[in-house]
Amino acid sequence: TFTALDDVSLTLAAGETLGIVGESGSGKSTLARVLAHAHPSDGGRILLDGRDVTRPGRAELHAVRRRVQMVFQDPYASLNPRMSVGEIVAEPLRAFGTVAPAGRADRVAELLRLVGLDPAAADRHPRSFSGGQRQRVGIARALAPEPSVLICDEPVSALDVSVQAQIVGLLTDLQRDLGLALVFIAHDLAVVRQVSHRIAVMHEGRIVETGAADELCERPRDPYTRALLAAAPEPVPVAPAPVPATVRAEAVSA
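What the sequence shown shows, in our numbering, is residues 1423 to 1676, in sequence order.
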């Protein structure tokens, strides 16, 4: 058997951005899917506001998935090409029943404005958008059920560098303005430091180092962290300051 995650323990604070960094195959995306209940774990616990939600029943799973939403890596593959952007963003409103049918068009327009898109684009299909615009649609969809936790799995890796900066800036603004707890996953430590209060470094399914973003990047202890820093394309700015906890993943394995 293959162990993708081994004894991973993390805490995510309300209103905090936790960066998770590591090379391809380190277990980052598996961890994201486990936290979002898109992949089962073989051990450990997942706590949401202190409540054990590791193996929720059907009704509780529905509630947890409303609270914990994902932004996916590939903005091309993660949107249904047969649906209009308005239908894509409205789908969680229907699925979770958060907005009555009569109010969905207005809520979709509000969400599109929130991510920097013209509400008039609601009638268009994903193929008519650029990669960065499609990722904005994906973010709007994730925000639709008003989650408290947003898990971003390599949200900028498929985008051009100039567009990456725009999406990183958007996520930073949304985290601050909406008070979201954000898990930001990437292989580039420079990008992760830019958006994160704290950083966890993953290697071969394990967390090898955690710490405040600036401290970890300026005084790395683990050789693997030092190697990631050496490979970072450019220095990155100082990270924002942290706040108190809401989500815990205790010794998760998968």
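Glycine included, C-beta positions come from ideal geometry on N, C-alpha and C.
Cβ separation of residue i and residue j, assumed to be a contact under 8 angstroms, to the nearest whole Å
i, j, result
"G1508", "A1544", "3 angstroms"
"D1421", "A1580", "Examination of residue 1421 is not possible in this model, given that the chain is present from 1423 through 1676 alone."
"R1477", "S1570", "Incorrect: roughly 20 angstroms between the Cβ atoms, too far for contact."
"V1585", "G1554", "4 angstroms"
"V1578", "T1439", "Incorrect: roughly 14 angstroms between the Cβ atoms, too far for contact."
"V1486", "H1461", "14 angstroms between Cβ atoms; not a contact."
Residue i - DSSP class collapsed to helix/strand/coil
i, result
"A1515", "Note that residue 1515 corresponds to Leu in the displayed sequence, not to Ala. If DSSP states are grouped into helix, strand and coil, L1515 belongs with the helices."
"S1446", "coil"
"L1536", "helix"
"E1710", "Any question about residue 1710 goes unanswered here, given that the chain covers just 1423 to 1676."
"V1617", "helix"
"R1641", "coil"
"T1439", "strand"
"V1507", "helix"
"T1647", "helix"
"A1654", "coil"
"T1433", "strand"
"V1456", "helix"
Residue i vs residue j beta-carbon contact at 8 angstroms
i, j, result
"V1559", "I1607", "no"
"V1443", "L1650", "yes"
"M1679", "A1435", "Residue 1679 lies beyond the residue range present for the chain, which begins at 1423 and ends at 1676; the question has no answer from this structure."
"V1614", "G1441", "yes"
"S1382", "R1546", "As displayed, the chain neither begins before 1423 nor continues past 1676, which places residue 1382 out of reach and without an answer."
"P1548", "P1514", "no"
"S1446", "H1609", "yes"
"R1556", "Y1498", "yes"
"S1448", "G1627", "yes"
What runs of the alpha helix (DSSP H), each 4 residues or longer, lie entirely inside the segment 1471–1505?
1480–1489
The segment 1571–1578 contacting the segment 1601–1619, beta-carbon criterion three pairs below 8 angstroms:
yes
Contact between the segment 1464–1477 and the segment 1531–1547 (3+ Cβ pairs under 8 angstroms)
no
Between the segment 1454–1465 and the segment 1615–1627, do three or more beta carbon pairs fall short of 8 angstroms?
no
contact_flag[the segment 1512–1528, the segment 1588–1595] where n(CB pairs < 8 angstroms) is 3 or more
Counting Cβ pairs under 8 angstroms, fewer than three are found: no touch.
Where are the alpha helix (DSSP H) runs, 4 residues long or more, that stay fully inside the segment 1523–1606, in chain order?
Runs of alpha helix (DSSP H) with 4 or more residues, each lying fully within the segment 1523–1606, are found at 1526–1536, 1553–1565, 1583–1600, listed in chain order.
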